[in-house]
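Chemist: Per the numbering used here, the very first residue in the sequence shown carries number 2; after that it's consecutive.
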Amino acid sequence: MIPFVDLKQQYARHHDAFEKAIKNVCSSSSFILGTEVERFEKRFAKYLGVKECVGVASGTDALWLSCRALGLKKGDEILIPANTFISSASGAFDLGMGIVPVDVEPETYLIDIKDAEKKVSDKTKAIMPVHLYGRSTDMDAIKAFAEKYKLFIIEDACQSHGAMWKGQRTGSFGAVGCFSFYPGKNLGCFGDGGMVATNDLKIAEKIRLLGNCGSLKKYVHDISGYNSRLDTIQAAVLNVKADFIDEWNDRRFRAACRYADALSCIKEVAPPVFDRGKSAENVFHLFVIQCERRSELMQYLNAEGVQCGIHYPTPLHLHKAYESLGFGKGICPVAEKLADRILSLPMFPEITDAQIDEATQIVKNFYK
Ligand SMILES: Cc1ncc(COP(=O)(O)O)c(C=O)c1O
Numbered sequence: 002m003i004p005f006v007d008l009k010q011q012y013a014r015h016h017d018a019f020e021k022a023i024k025n026v027c028s029s030s031s032f033i034l035g036t037e038v039e040r041f042e043k044r045f046a047k048y049l050g051v052k053e054c055v056g057v058a059s060g061t062d063a064l065w066l067s068c069r070a071l072g073l074k075k076g077d078e079i080l081i082p083a084n085t086f087i088s089s090a091s092g093a094f095d096l097g098m099g100i101v102p103v104d105v106e107p108e109t110y111l112i113d114i115k116d117a118e119k120k121v122s123d124k125t126k127a128i129m130p131v132h133l134y135g136r137s138t139d140m141d142a143i144k145a146f147a148e149k150y151k152l153f154i155i156e157d158a159c160q161s162h163g164a165m166w167k168g169q170r171t172g173s174f175g176a177v178g179c180f181s182f183y184p185g186k187n188l189g190c191f192g193d194g195g196m197v198a199t200n201d202l203k204i205a206e207k208i209r210l211l212g213n214c215g216s217l218k219k220y221v222h223d224i225s226g227y228n229s230r231l232d233t234i235q236a237a238v239l240n241v242k243a244d245f246i247d248e249w250n251d252r253r254f255r256a257a258c259r260y261a262d263a264l265s266c267i268k269e270v271a272p273p274v275f276d277r278g279k280s281a282e283n284v285f286h287l288f289v290i291q292c293e294r295r296s297e298l299m300q301y302l303n304a305e306g307v308q309c310g311i312h313y314p315t316p317l318h319l320h321k322a323y324e325s326l327g328f329g330k331g332i333c334p335v336a337e338k339l340a341d342r343i344l345s346l347p348m349f350p351e352i353t354d355a356q357i358d359e360a361t362q363i364v365k366n367f368y369k
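1) I believe glutamine 356 touches proline 350 by the beta-carbon criterion, under 8 Å. Please report the beta-carbon distance rounded to the nearest angstrom.
2) Starting from the C-beta of lysine 120, find all residues in its chain whose C-beta is less than 7 Å away, skip the five residues before and the five after it, and write them out in chain order.
3) For ligand 1, I want to know if tyrosine 227 counts as a neighbour, meaning its beta carbon is within less than 7 Å of at least one of the ligand's heavy atoms.
4) Taking the alpha carbon of glycine 178 as the reference point, which residue from Trp65, Ile246, Asp244 and Ala271 has its own alpha carbon closest?
5) Any idea which residues DSSP pairs histidine 222 with across the strands?
6) Quick one: grab the DSSP three-state call for glycine 185.
7) Nearer than 7 Å: is that true of the beta carbon of leucine 64 relative to any heavy atom of ligand 1?
8) Ignoring anything shorter than 4 residues, give me the alpha helix (DSSP H) runs that lie fully in the stretch 285-364, in order along the chain.
9) Beta-carbon within less than 6 Å of alanine 271's beta-carbon, same chain only, minus the 5 sequence neighbours each way: which residues are those?
10) Using the DSSP secondary-structure output, state which residues sit across from glutamine 235 in a beta bridge.
11) Return the CA-CA distance between tyrosine 183 and aspartate 193, expressed in angstroms with no decimal places.
12) Give the DSSP-derived three-state secondary structure of asparagine 366 in the structure shown.
13) Say yes only if the C-beta of glutamine 235 is nearer than 7 Å to one or more non-hydrogen atoms of ligand 1, and no if none qualify.
14) Report yes if the CB atom of threonine 361 is closer than 8 Å to the CB atom of leucine 264, and no otherwise.
15) Give me the DSSP bridge partner(s) of arginine 170.
16) Please confirm whether aspartate 1 and methionine 129 have their CB atoms less than 8 Å apart.
17) Would you report the Cα separation of isoleucine 114 and aspartate 232, rounded to the nearest angstrom?
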């Protein structure tokens, strides 16, 4: 069996360090915020090269609280790529903002700035590059676009921990960069966790207030807030894992190169197109191919013991949750076509060459 993600290996390898870190929190009985959260926020800010990071309860919350902290409100529009996880849009939707789905580029599967040009309006207040699958969006294009139309950049970096655009980490370009530490992410904890990164100290303070019941001082509530803090035990786990993020990302990149080489001879399969010389630009959270006869291939792989997934089977604008917005098919044709053709193969830092070779051989056997 080749698992899609193998978290057990990581746990077994660093078992002692995890146990020690968790025990320390338990024996201190300081379960909310405290030194582990502060330490991780500072390290992650240094790693990204931003002024401040604020821990929150999840990536979904990071995105939602960011919209609030930036003062975005009902009627404001936000440009979001159609190929993404629904959480990219859920915060904006909850605030009553107009979600504007933007098509994606056929090569990178990331936001297509040419389509954004067609969809920007005088109501547009923000653009959200989603560095999906671990691939960095062209931030030169995003910055130029945001400057031209005076938009906030809200980066969804929930899948791109450590990825860079021209030497600068994703999540550090925008007014805010939002991260998820969901267990299977490139940097994941043992439950839910998230982070907002920013160079604007006022925004950081607003996120801190919003995520801590509107309070920076006990029982003094300056604004109405929520409970969305990074859990202390999760921060302790992340402080252990943070030492390995670059090494793990390197391993993912090497695995992706091996996959791409092996799959390149199958005419029914299109492996991702990426520059082998720019390993920092893609940290391969997922290894996503396009393929013919996807559901049959998926069944075949599963039957042969290779777990795979689809990220994502439904483009943003076609979710039932957003039916009331009346989008319908045809507004993002590239994303719609991709949704029927993409398939994610097993990808995790510890995946072995033998596992990659076996998985690709099974794909070859299927098309023979
Ligand atoms: C692109 C993207 N955005 C947002 C999220 C939401 O993060 P979380 O699951 O931590 O709420 C995820 C997580 O799956 C994601 O992949």
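The C-beta atom is built at its ideal place from N, Cα and C for all residues, glycine as well.
Modeler: Per the coordinate set shown:
1) Not confirmed; about 12 Å, so no contact.
2) Counting only Cβ-Cβ distances below 7 Å, and skipping sequence neighbours, we find Leu80, Val101 and Val103.
3) Not so, every heavy atom of ligand 1 lies at least 7 Å from the Cβ.
4) Ranking Trp65, Ile246, Asp244 and Ala271 by Cα distance to glycine 178 puts Trp65 first.
5) In the DSSP output, where bridge partners are listed per residue, histidine 222 has Ser216.
6) If DSSP states are grouped into helix, strand and coil, glycine 185 belongs with coil.
7) It does: the Cβ of leucine 64 is within 7 Å (strictly closer) of some heavy atom of ligand 1.
8) If you keep only unbroken alpha helix (DSSP H) runs of at least 4 residues inside the stretch 285-364, you get 295-304 and 334-342.
9) Cβ within range, chain order: Gln291.
10) Glutamine 235 is not bridged to any residue.
11) Here the C-alpha atom of tyrosine 183 lies approximately 5 Å from the C-alpha atom of aspartate 193.
12) In the structure shown, asparagine 366 adopts helical secondary structure according to DSSP, grouped into three states.
13) No, the Cβ of glutamine 235 stays beyond 7 Å of every heavy atom of ligand 1.
14) Yes.
15) BP columns for arginine 170 point to Met165.
16) Nothing can be reported for residue 1: it is not among the residues displayed for the chain, which extend from 2 to 369.
17) Whole-angstrom Cα-Cα distance: 37 Å.
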